[in-house]
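Per mature numbering (1 follows the signal peptide of the UniProt record, and there is no 0), the sequence shown runs over residues -21 to -1, 1 to 379. Beta carbons are placed, not taken as given, at the ideal position from N, Cα and C, and that holds for glycine. Presented below is the structure to which this report refers.
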Amino acid sequence: MRAILAAVLLCSASAAGGAQAEPSADTIAHGKALTEAGDCASCHTADPAKPFAGGKRIDTPFGGIYSPNLTPDHETGIGGWSDADFSRALRYGVDPDGSRYYPAFPYPNFTKLTRDDILAIRAYLATLAPVHNDPPPPELRWPLNYRVMMRLWNFLFFRPGIFEPDQQKSAEWNRGGYLVTGAAHCGACHTPKNFFGADKRGRAFGGGLIGGWFAPRLDNAARSGLKSWSVDDIAEYLASGRNTKSHAGGLMAEVVANSTSKMSDADVRAIAVYLKDLPPGASEPAVTAPPQSEMAAGKAIYDHLCIACHEADGSGAPRIYPPLPGNANLQANDPASTLRIMLDGAQTVTTSRAPNTGSMPPYAKDLSDQQIADVTNYVRNSWGNAAPLVTPAEVKKARR
């Protein structure tokens, strides 16, 4: 009788242990916050009416890929995945059938997330409306069109492992480090890449080219980094998309709208604390000033088209028209972002903290390659600024 009772109790305990409790409201809310911190919507939403249903094309130097469906649809999404499947995908870049993801999906960053955080993200995604949408296969050139090649890439460049706190730093700093290097995957855009699309070693947060834009340095470089920014400056920029030094534009405007503006004040400040503690990074190369004739030509264009908003001294209007003197993005070694704005125009991102908007008109049709180069060189090398010269050939290449 005692043996039978023991067996019954053992079976009951096993059944209870195997059952999965429904995620709590707090867990789902935490997962939503992490999903926003990861800016998942920006890549996994092609149609705003079908959020997280995937299918958005992401262009890389190796061809195009399409983001997968994150909704709980059982056929085309992740509805049939187990917790282990989801954790393996985020932590190791492997889907349930064993196929390897490409690192445009930032699993090299998500590997730093804790298991509880990964499952919280899954719990939130499970609350979404299922959408039946099967994105197209990748359009990559040989041999990267074979996913098995990612085994070699992972062997060479991928280092899995959960974020390890630095006991010499504050809890706020470590929270910022966890977000920056993990969920928010800032280095995926802001770190330069090597020939194989992996982060260049020793160049963390040194700026990178992505989607025709240059994601600026996040280290404390004096000219093109965050040396002149305070913790409050960084936090304000992430929360609202602007501060007294710069405005978010291009891909970063999307990040602010879908991600950082939705983060808690504590998390935004933690990120700012972590970034402000980064070292200066690689030294900035010496810059040769443009010839006076080119500066004069650029000034004439500036006085005609730009002075009304940005003022004669480039000071602009605080949080409406960004200042040009000391502007780190403007002085980046790579002029891609400046050229994109000159050619295509720009509009200030609208957030709950900064609902008013401003815009700059495009000049692609109004100015020649030489004129764009002249005015770009003028603003990049006036009022104490210093940046490499832009050539008409670079402008021509930047035109869409």
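Quick check on the burial criterion: 16 or more other C-beta atoms within 10 angstroms. Buried or exposed for residue i?
i           : result
H53         : exposed
residue 381 : Since the first residue of the chain shown is -21 and the last is 379, residue 381 is not available in this structure.
G(-4)       : Confidence is the limiting factor: at G(-4) the pLDDT is only 43, short of 50, which leaves the residue's position unreliable and the question unanswerable from this model.
E15         : buried
A68         : buried
A102        : buried
G77         : exposed
L158        : buried
F174        : exposed
S225        : buried
D246        : buried
E143        : exposed
G363        : exposed
K376        : exposed
N222        : buried
K91         : buried
Q146        : exposed
L131        : exposed
What three-state label does DSSP hand residue i in the structure shown?
i     : result
Q326  : strand
I189  : strand
S338  : strand
K11   : helix
R221  : strand
A(-1) : coil
Y300  : strand
G33   : strand
A183  : coil
V73   : strand
G214  : What sits at residue 214 in the sequence shown is Ala, not Gly. Correct three-state label for A214: helix.
A194  : strand
D178  : strand
P24   : Looking at the sequence shown, residue 24 is not Pro but Thr. If DSSP states are grouped into helix, strand and coil, T24 belongs with the strands.
K206  : coil
A(-9) : Residue placement at A(-9) cannot be trusted, given a pLDDT of 38 that sits under 50; the coordinates are not used to answer.
F65   : helix
A366  : coil
D349  : What sits at residue 349 in the sequence shown is Gln, not Asp. Three-state DSSP puts Q349 in a helix.
K241  : helix
V235  : helix
V127  : coil
N112  : coil
H164  : coil
C285  : coil
R101  : helix
G277  : helix
K375  : helix
F89   : helix
R138  : coil
So if DSSP puts residue i in a beta bridge, which residue, or which two residues, is it bridged to?
i    : result
E118 : G43
T267 : T267 pairs with nothing; no bridge assigned.
H226 : R221
R94  : Per DSSP, none; premise fails for R94.
R79  : V73
D52  : Partner(s): none; D52 has no beta bridge.
D38  : G43
K172 : D178
Shortest alpha-carbon distance to residue i belongs to which of the options?
i    : options                   : result
N267 : R248, A366, Y80 and K179  : Note that residue 267 corresponds to Thr in the displayed sequence, not to Asn. Closest option to T267, Cα to Cα, is A366.
A311 : K278, P47 and L188        : L188
I250 : E151, F41 and A296        : E151
N124 : P47, G181, F41 and G56    : F41
R36  : V354, G190 and T93        : G190
L254 : L98, N153, E273 and P171  : N153
I100 : A352, L49 and I44         : L49
M242 : L13, I7 and E1            : L13
F65  : P87, I97, P47 and L346    : I97
K148 : L257, D26 and L107        : L257
V252 : P264, G156, E273 and E1   : G156
Y71  : Y86, A63, W60 and Y81     : Y86
S347 : T39, L368, V374 and N360  : V374
R319 : R332, P171, G293 and M339 : M339
G56  : S203, F89, A105 and A343  : A105
query: Would the stretch 283 to 302 and the stretch 201 to 209 be scored as touching if the rule is three or more Cβ pairs under 8 Å?
result: no
task: Determine, using beta-carbon pairs with one atom in the stretch 101 to 121 and one in the stretch 153 to 166, whether at least three such pairs fall under 8 Å.
output: no
- prompt: Contact between the stretch 295 to 313 and the stretch 192 to 207: three or more CB pairs below 8 Å?
  reply: yes
query: Are three or more beta carbon pairs between the stretch 321 to 331 and the stretch 225 to 243 nearer than 8 Å?
result: yes
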